[in-house]
Amino acid sequence: MDITNQRRTMNALAIMLLVGAGGVGYWAVSDVSETDGLGATKTMPSVIVTDEDATVKVPLSTDVALRSLRSPLYDPPAPTPRPVPVKPPPPPAVPRPVAVPKLGLILVGTIIDPNGSVAIISDAEGKFDIKAIGEELDLTPAGVTIDGIESERVMLSYQGSESTVRLQRSEPSANSNGGGNLRPNGRRRNQ
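1 is the number of the first residue of the sequence shown in full-length UniProt numbering; add one for each residue after it.
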């Protein structure tokens, strides 16, 4: 074969390929129709698909395929669960001051001495005890320690809490003339 025949054959094949590609393109966008047994042509239902660039009338079966092609090619991520609101922990409980138990002790008297003061204390049962600073009372309740002694009061500690017992004085009544020197209104007479 000479070169001229080869060139003609190649041109003919190229033209046939172009015509075939044009036919396929036309067939892809044209309505698909069927014929029933009587020779009448039936048209498939079609949908108008609007793209950003063009509007095309597409048969319904192709529309379904186009929709599936437009869907994502991966599984969408599962929706993230909403965070459950966490209640803040309650504020720490404020420690309540421990109620000092009533000791039921009575300060009968004190002896104040520079070398060592002592306190005379009685309990609810009527027992007496004489102790100095730092000593534990042998009265009920047990475990009461003397922390300090002053002339009219004694500081005590019991189970980690501090308490003070004061000297109780009995006032003479208005009707009694307790010392002989007192007038009925309680003032001393000038002598």
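Ideal Cβ placement from N, Cα and C applies to all residues, glycine included.
- Separation of Leu103 and Val118 (C-alpha to C-alpha, rounded to the nearest whole angstrom) is 19 Å.
- When the alpha-carbon of Ser157 is set against those of Arg169, Glu135, Pro91 and Pro88, the nearest one is in Glu135.
- The region 121-133 makes contact with the region 145-152; the number of CB pairs closer than 8 Å reaches 3 or more.
- When secondary structure is reduced to three states using DSSP, Thr80 falls in the coil class, being assigned neither helix nor strand.
- Assigned with DSSP and collapsed to three states, Thr110 falls in strand.
- Looking at the DSSP output, Glu150 bridges to nothing.
- C-alpha of Arg153 to C-alpha of Asn115: approximately 18 Å in a straight line.
- If you draw a straight line from the Cα of Asp138 to the Cα of Arg169, it is about 24 Å long.
- Counting along the chain, Val94 sits inside no beta strand (DSSP E), nor does DSSP assign it H or E at all.
- For Arg8, the secondary structure class from DSSP, reduced to helix, strand or coil, is helix.
- The closest CA to that of Leu105, considering only Ile121, Val19 and Val94, is found on Ile121.
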